[in-house]
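Reviewing the structure listed below.
There are 2 protein chains.
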Amino acid sequence: MPNIIYIATSLDGYIADKNGDIDWLHDIEIPDGSDMGFGAHFDRIDALVMGRNTLDAVLGMDIEWPYSKPVFVLSNTMTAVPVGYEGKIFLLKGDVSEVVKQINDQGYNTLYIDGGVTIQHFLKADLIDEMIITTIPVLLGGGAPLFGALDAPLKFKAVKSEIFADAIVQNHFARVR
Amino acid sequence: MPNIIYIATSLDGYIADKNGDIDWLHDIEIPDGSDMGFGAHFDRIDALVMGRNTLDAVLGMDIEWPYSKPVFVLSNTMTAVPVGYEGKIFLLKGDVSEVVKQINDQGYNTLYIDGGVTIQHFLKADLIDEMIITTIPVLLGGGAPLFGALDAPLKFKAVKSEIFADAIVQNHFARVR
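Just so you know, the protein sequences line up as chains Z and L, in that order.
The numbers in the working numbering rise by one with no breaks, and the one at position 43 of the first sequence is 38.
The numbers in the working numbering rise by one with no breaks, and the one at position 153 of the second sequence is 148.
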């Protein structure tokens, strides 16, 4: 029952720059129209798990709801699913291990864990099994880091590496337990 | 006249852990005895540039002096080359751009820039042309970061990626100016 990260960071490991901006994510055009494995990743998963910040970012994008699978939103303050998103968004709160158990109990086993805060909570609880990290080759010099503090080191192994558009490298890591 | 970094970091971008230790660098055995491109890198360079901390670490290793090429040590406080290292170690101080000019003027054009502090100074001055970064697949959760603050973002491109021992990924980046 793997929990998977699929995310892009700068070369120095940030998911947003000093001003909170993410426009640098799209600096490099992918000429062949490759989705850099996102479709294959999305096909694999049963559901998404994200935090309130990531949900708000997606809702604020003025695009159609992009997810064809259930999105579990971790929030201790939201009390209701936004109007129009019933059956798409499901609210959960509390300890991440307990949250994963609740989602797995509903039959969703392969989970896409998204959003900086949520990813850090999952890593702290050693609940991440795979990481697909796309490195946008820019040094930002500061910003919001993908990784945070841990109680103990976590070992992974690189299982795949691929370069896109002669510029972007995507590395796949799997947890070694 | 490229200045090149060849260094290993943890998955979360640290070159030493919270205690300053680097033993995790050698957690994964390379079964085929590969040097992960170090020999080819070293053949390419004319000289090394490192700081006082890195020099002290190398001298403290109780191994034979490992470098067959001139080592320029940046230090504002060292006044003499350690006894026995005349002709191997050369002291320089001051602004990194000026230091590079002085080294290039002596005919050393392809430089291996080593050590955390020195690398950060070089990046801040936009004096790094290539980075060969070997990612040891462990999340340490803290330590001494390879990358630091910058005045402005620096764009690179991924030019090569290779996996060693089914675990370690090495990514090559080149500066895009």
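Glycine included, every Cβ here is placed at the ideal spot set by N, Cα and C.
Fill in: Three-state secondary structure assigned by DSSP to Arg39(Z)
Here residue 39(Z) is taken as the residue at index 44 of the first sequence, counted from 1. Reduced to three states, the DSSP call for Arg39(Z) is helix.
*Quick one: using the 10 Å Cβ neighbour count with 16 as the cut-off for buried, is Ile165(Z) buried or exposed?*
Looking up residue 165(Z) in the first sequence gives position 170. The sequence given here places Gln at residue 165(Z); Ile does not occur at that position. Buried.
Between which two residues does the beta strand (DSSP E) harbouring Leu86(L) extend? Sequence index remark: in the second sequence, residue 86(L) carries index 91 (1-based). It spans Ile84 to Leu87 - the beta strand (DSSP E) in which Leu86(L) sits, taken as one unbroken run.
For Ala3(L), collect the residues of the same chain with a Cβ closer than 7 Å to its Cβ; drop the 5 residues on either side in sequence, then sort them by chain order.
For the purposes of this step, residue 3(L) is taken as the residue at position 8 of the second sequence. Answer for Ala3(L): Leu20, Thr129 and Ile131, listed in chain order.
Assuming the contact rule is C-beta atoms closer than 8 Å, Leu135(Z) and Asp12(Z) should be a hit. Round their C-beta distance to whole Å, please. On the first sequence, position 140 is the one that residue 135(Z) refers to. On the first sequence, position 17 is the one that residue 12(Z) refers to. Contact flag correct, Cβ pair sits at about 5 Å.
Any 3 or more C-beta pairs closer than 8 Å across the stretch 63 to 77 of chain Z and the stretch 118 to 129 of chain Z
no
Between the CA atoms of Asp41(L) and Leu206(L) - distance to the nearest angstrom = Since the first residue shown for chain L is -4 and the last is 172, residue 206(L) is missing from the structure and cannot be characterised.
- Task: Could you have a look at Gly143(Z) and say whether DSSP puts it in helix, strand or coil?
- Result: By one-based count along the first sequence, residue 143(Z) stands at place 148. Looking at Gly143(Z) - three-state DSSP - the assignment turns out to be coil, as it is neither helix nor strand.
Quiz item: Roughly how many whole angstroms lie between the Cα atoms of Asp22(L) and Ile163(L)?
Solution: Indexing the second sequence from 1 puts residue 22(L) at position 27. Indexing the second sequence from 1 puts residue 163(L) at position 168. Each residue's Cα considered, the two are about 11 Å apart.
- Query: Out of Asp146(L), Ile25(L), Gly111(L) and Gly34(L), which has the shortest C-alpha to C-alpha gap to Leu50(L)?
  - Reply: For the purposes of this step, residue 50(L) is identified with residue 55 of the second sequence, where counting begins at 1. If we check each option's Cα against that of Leu50(L), Gly111(L) comes out closest.
inquiry  = I'd like to know whether the C-beta of Asn166(Z) is nearer than 8 Å to at least one C-beta of chain L.
reply    = The residue labelled residue 166(Z) in the question sits at position 171 within the first sequence. Chain L contact via Cβ: present.
At 3 residues or longer, what runs of the beta strand (DSSP E) sit wholly inside the stretch 12 to 59 of chain Z?
Runs of the beta strand (DSSP E) inside the stretch 12 to 59 of chain Z: 42 to 46.
| said: Is there a C-beta anywhere in chain L that falls below 8 Å from the one on Gly158(Z)? | reply: Looking up residue 158(Z) in the first sequence gives position 163. What sits at residue 158(Z) in the sequence shown is Ile, not Gly. Yes, contact with chain L.
Please name the residues in the stretch 130 to 147 of chain Z whose beta-carbon is closer than 9 Å to at least one beta-carbon of chain L, in chain order. Thr130, Pro132, Val133, Leu134, Leu135, Gly136, Gly137, Pro140, Leu141, Phe142, Gly143, Ala144, Leu145, Asp146 and Ala147
* Asked: Distance, Cα to Cα, Glu157(L) vs Lys155(Z)?
  -> Against the second sequence, residue 157(L) aligns to sequence position 162. Against the first sequence, residue 155(Z) aligns to sequence position 160. Whole-angstrom Cα-Cα distance: 9 Å.
Practice task
Report the residues of the stretch 4 to 16 of chain Z with a CB closer than 9 Å to any CB of chain L, ordered along the chain.
Solution key: Residues Ser5, Leu6, Asp7, Gly8 and Asp12.
- Does the beta-carbon distance from Ile0(L) to Ile98(L) come in below 8 Å? The residue you call residue 0(L) lines up with position 5 of the second sequence. The residue you call residue 98(L) lines up with position 103 of the second sequence. No; because the gap between Cβ atoms is not below 8 Å, this pair is not in contact.
Check for me: the beta strand (DSSP E) holding Thr129(Z) runs from which residue to which? Translated into the one-based positions of the first sequence, residue 129(Z) becomes position 134. Where Thr129(Z) is concerned, the enclosing beta strand (DSSP E) stretches over Glu125 to Ile131.
Does any residue of chain L have a CB that is nearer than 8 Å to the CB of Leu149(Z)?
As a working mapping, residue 149(Z) is identified with position 154 in the first sequence. Yes, Leu149(Z) counts as interfacial toward chain L.
inquiry  = Give me the chain Z residues within the contact set of Lys83(L), using Cβ-Cβ distance strictly less than 8 Å, ordered along the chain.
reply    = One-based indexing of the second sequence puts residue 83(L) at position 88. Correct list: empty, because the minimum Cβ distance to chain Z is about 32 Å.
* Could you give the distance in angstroms between the alpha-carbon of Ile17(L) and the alpha-carbon of Ile10(L)? -> Along the second sequence, one-based indexing puts residue 17(L) at 22. Along the second sequence, one-based indexing puts residue 10(L) at 15. The straight-line gap from Cα to Cα measures roughly 7 Å.
Open item on the list: Please list, in chain order, the chain L residues whose beta carbon lies closer than 7 Å to that of Asp161(Z).
Closed with: Counting from one through the first sequence, the residue named residue 161(Z) turns up at place 166. Result: Lys152.
Which residue wins for smallest C-alpha separation from Lys152(Z), given the options Pro(-3)(L), Glu24(L), Arg170(L) and Ala147(L)?
To locate residue 152(Z), count along the first sequence from 1; it is residue 157. Cα-wise, what sits closest to Lys152(Z) is Glu24(L).
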